[in-house]
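Scroll down for the structure; my scribbles are underneath it.
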Amino acid sequence: MGARLAKLGGRAALERHLLRQLDASLKTVKPDLVVFVQAYWAPAALFDMVRSQGIPAAGWVGDKFGPQAKERASRLDRVYYTDSGFLVEAETFGFADDGAYLPHAVNTRRFLSGDVPRTDRIAFVAVPTPHRVALLQQLAFPIAVYGRGWNLLGRTPHDVHNGWLARGQLPGLYGESLAVLNIRNELNVFEGLNQRSFEPAACATAVIHDYVADLARCFEPGKEVLVFGGVQELQEICERVRRDPALVRRVGAAAKARVQAEHTCAHRAKTILRDFGLECRKP
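Read the sequence shown against the numbering used here and you will find it ends at 425, with the numbers running on by one and no gaps.
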């Protein structure tokens, strides 16, 4: 975003650019509804343009926010949050009572299972945070760690791939891994799930998940996801996964079935359309 701002001449120039793009899209598509992803970080003028044309506007928020987002929230007809804790925050900050829980989802056209042979690797793809670093530094079981900044780990038994991993590489990595580790980002969530909660599952890969309260709203713990509450429990689950491939196959298959039944992008779109009294029309 910083490079784009510099290229376009600052935030004001970026806003004008986005307004021109939005205006052109509204004239071409003539939508019944506009959904702003990460709405609390979008220019409020975009919301005003949409609503000035009599089109309802919704927001979908997946990151922590502060009370300053109240003004943007007031310009939206409805706001969806990927974390139940965000709903509590919105109420605490005095936002309008029009929010709803809507977790992340997966594009099953991109993330799908194949016939690729599984390795014995448990993979973790993420940015480092203090909680993640501390947990991995205590974990004796070797994890294949991918992402920038993981030199922070120091000397550990983990196989660190300290560099950027393109999003297009994720389906292949998930599909060939024995399991995928998901440690919550304590800087950005309260109780919510992230993309990594759903995308490996769509590849029929078992997810070993840090406990958050929203997990049980989306999956059945123990059957569709393996849940840990601390480093000792994580160590035990990793060891069990390594010696029991049948377990991860069962969990991966059950997770995939759940994702296909309830957690695709199409499911989220249908929920939003239904809330606004609209029907899903196939192109």
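Yeah, the Cβ is synthetic: ideal placement off N, Cα and C, and Gly gets one too.
Backbone CA spacing between residue i and residue j [nearest angstrom]
i      : j      : result
ASP165 : VAL221 : 22 Å
LEU307 : ASP386 : 29 Å
ARG260 : THR271 : 28 Å
LEU294 : VAL275 : 7 Å
HIS273 : ILE350 : 16 Å
PHE189 : GLU231 : 22 Å
TRP183 : ALA282 : 39 Å
ALA155 : LEU161 : 10 Å
GLN210 : ILE264 : 40 Å
PHE178 : LEU320 : 36 Å
GLY394 : ILE325 : 18 Å
GLN195 : LYS169 : 10 Å
VAL269 : VAL287 : 10 Å
GLY144 : GLU378 : Low per-residue confidence applies at GLY144: pLDDT is 47, beneath 50, and the placement is therefore not dependable, though the value from the model is reported in the following sentence. When rounded, the distance between both Cα atoms is 43 Å.
GLN404 : ASP257 : The residue asked about is misnamed: residue 404 is Glu in this sequence, not Gln. The alpha-carbon atoms of GLU404 and ASP257 are separated by roughly 24 Å.
ASP262 : ARG384 : 7 Å
VAL354 : GLY291 : 25 Å
Residue range of the alpha helix (DSSP H) that includes residue i
i      : result
GLY317 : 312-318
PHE228 : 226-234
GLY289 : Segment: none, GLY289 is in no alpha helix (DSSP H) and carries neither H nor E.
PHE237 : Taken as a continuous stretch (DSSP letters only), PHE237 belongs to no alpha helix (DSSP H), as it is neither H nor E.
VAL275 : 272-280
Spatially closest choice to residue i from the options, by CA coordinates
i      : options                        : result
PHE361 : GLY334, VAL267, PHE283         : GLY334
ARG400 : CYS380, GLY256, VAL322, THR250 : THR250
PRO374 : THR170, PHE207, GLN279         : Note on identity: in this sequence residue 374 is Gln, with Pro being the wrong assignment. Minimum Cα distance to GLN374 is reached at GLN279.
GLY204 : ALA242, GLY236, PRO198, SER255 : ALA242
PHE340 : CYS407, PRO185, ASP174         : CYS407
Residue i burial status per 10 Å Cβ neighbour count (16 or more: buried)
i      : result
ALA148 : Confidence in ALA148 is poor, its pLDDT being 49 and thus under 50, which makes the residue's placement unreliable; the coordinate value appears in the next sentence. Its Cβ having fewer than 16 others within 10 Å, ALA148 is exposed.
PHE266 : buried
ARG338 : buried
LEU329 : exposed
CYS422 : exposed
PRO299 : exposed
TRP370 : It should be noted that the sequence gives Phe, not Trp, for residue 370. Classification for PHE370: buried.
PRO245 : buried
VAL171 : exposed
ALA366 : Reading the sequence as shown, one finds Glu at residue 366 and not Ala. The residue is buried, with at least 16 neighbouring Cβ atoms inside 10 Å.
THR224 : buried
GLY419 : exposed
THR413 : exposed
PRO363 : exposed
The ligand ZN heavy atom lying under 7 Å from the CB of residue i
i      : result
GLU157 : Ligands in the displayed structure: none, and consequently the ligand ZN is not present.
Three-way DSSP call (helix, strand, coil) for residue i in this model
i      : result
ILE325 : coil
ILE197 : coil
THR406 : strand
ARG220 : strand
GLY372 : coil
ASP352 : strand
VAL171 : helix
PRO363 : strand
ILE264 : strand
PHE253 : coil
VAL393 : helix
HIS159 : helix
VAL269 : coil
TRP183 : helix
ALA358 : helix
Span of the beta strand (DSSP E) around residue i
i      : result
PHE132 : Outside the shown range of the chain, which is 143 to 425, sits residue 132, and nothing can be said about it.
PHE332 : First-last for PHE332: undefined, no H or E at that position.
VAL248 : Segment: none, VAL248 is in no beta strand (DSSP E) and carries neither H nor E.
VAL258 : Here VAL258 belongs to no beta strand (DSSP E), and DSSP marks it neither H nor E.
HIS303 : 301-303
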